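Engineer: The structure that follows is given in the form of structure tokens.
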Amino acid sequence: MIMPASRKYDEETRARAIRMCQDRISEGNTSKAAAYREVGELLGISAETLRGWVDRVLTDGRHRPDSNEAPADEIARLRRENAQLKRANEILKTASAFFAQAELDRTLGQ
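For the sequence shown, my numbering begins at 119 and goes up steadily by one.
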């Protein structure tokens with residue numbers, strides 16, 4: 119049997135994935151397995167890998183991978199990340215509109 123090549127994930131990706139899993143689980147309307155599966159599908163990480171990461175964080179006695187981050191620092195980081203994602207969405211919307219118009223022009227021009 120051929121095993122897939124293992125992929126290395128940077129700490130930021132791991133921390134984000136763990137945080138997303140923990141948030142989904144703490145909301146109380148999804149099981150751990152479902153949370154791992156949902157987050158895994160979103161990020162392209164296997165559910166088993168996520169389970170291992172979350173279990174390791176809980177075993178280490180930490181509730182969050184970045185628990186030493188001050189709340190104000192976390193809020194500032196999340197605001198920066200949110201602004202960056204909003205900019206990316208605007209770029210994608212503009213590009214989508216541009217290509218849709220070009221396709222429409224091409225179709226009507228024939």
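Every residue, glycine too, gets a C-beta built ideally from N, C-alpha and C.
Here the structure is a predicted model, which is why all the values come from computation and not from measurement.
(1) Please work out which residues of its chain come closer than 7 Å, Cβ to Cβ, to Gly158, disregarding the five sequence neighbours upstream and downstream, and give them in chain order.
(2) Assuming Ile143 and Ala135 are in contact, meaning their beta carbons sit under 8 Å apart, how far apart are those beta carbons, in whole angstroms?
(3) Give me the Cα-Cα distance between Val175 and Asp128, rounded to the nearest whole angstrom.
(4) If you reduce the DSSP assignment to three classes, tell me which class Ile143 lands in.
(5) Going by Cα to Cα distance, which pick from Glu130, Arg125 and Val172 is closest to Asp141?
(6) At 3 residues or longer, and completely inside the region 152–184: list those beta strand (DSSP E) runs for me, N to C.
(7) Please go through the same chain and pick out, in chain order, the residues whose beta-carbon is closer than 8 Å to the beta-carbon of Ile209, but skip the five residues on each side of it.
(8) Ignore the nearest five residues each way along the sequence and tell me which others in Glu145's own chain have a CB closer than 8 Å to its CB.
(9) Starting from the C-beta of Phe217, find all residues in its chain whose C-beta is less than 6 Å away, skip the five residues before and the five after it, and write them out in chain order.
Structural biologist: So, from the data block:
(1) The residue given as residue 158 occupies position 40 in the sequence shown. Within the same chain, Ser164, Ala165 and Leu168 come within 7 Å of Gly158 by CB-CB distance, once the 5 residues on both sides are set aside.
(2) Start at 1 with the first residue of the sequence shown, and residue 143 comes out as number 25. Start at 1 with the first residue of the sequence shown, and residue 135 comes out as number 17. With a Cβ gap of about 13 Å, Ile143 and Ala135 do not count as contacting.
(3) Here the question's residue 175 lines up with position 57 in the sequence shown. Here the question's residue 128 lines up with position 10 in the sequence shown. Using only the alpha carbons, I get a separation of about 16 Å.
(4) Along the sequence shown, one-based indexing puts residue 143 at 25. Helix, per DSSP.
(5) Against the sequence shown, residue 141 aligns to sequence position 23. Nearest option by C-alpha distance: Val172.
(6) none
(7) Translated into positions along the sequence shown, residue 209 becomes position 91. There are no such residues.
(8) On the sequence shown, residue 145 is found 27 positions in, with the first residue counted as 1. Cβ within range, chain order: n/a, list empty.
(9) If you number the sequence shown from 1, residue 217 lands on position 99. Closer than 6 Å at Cβ, skipping near neighbours: no residue.
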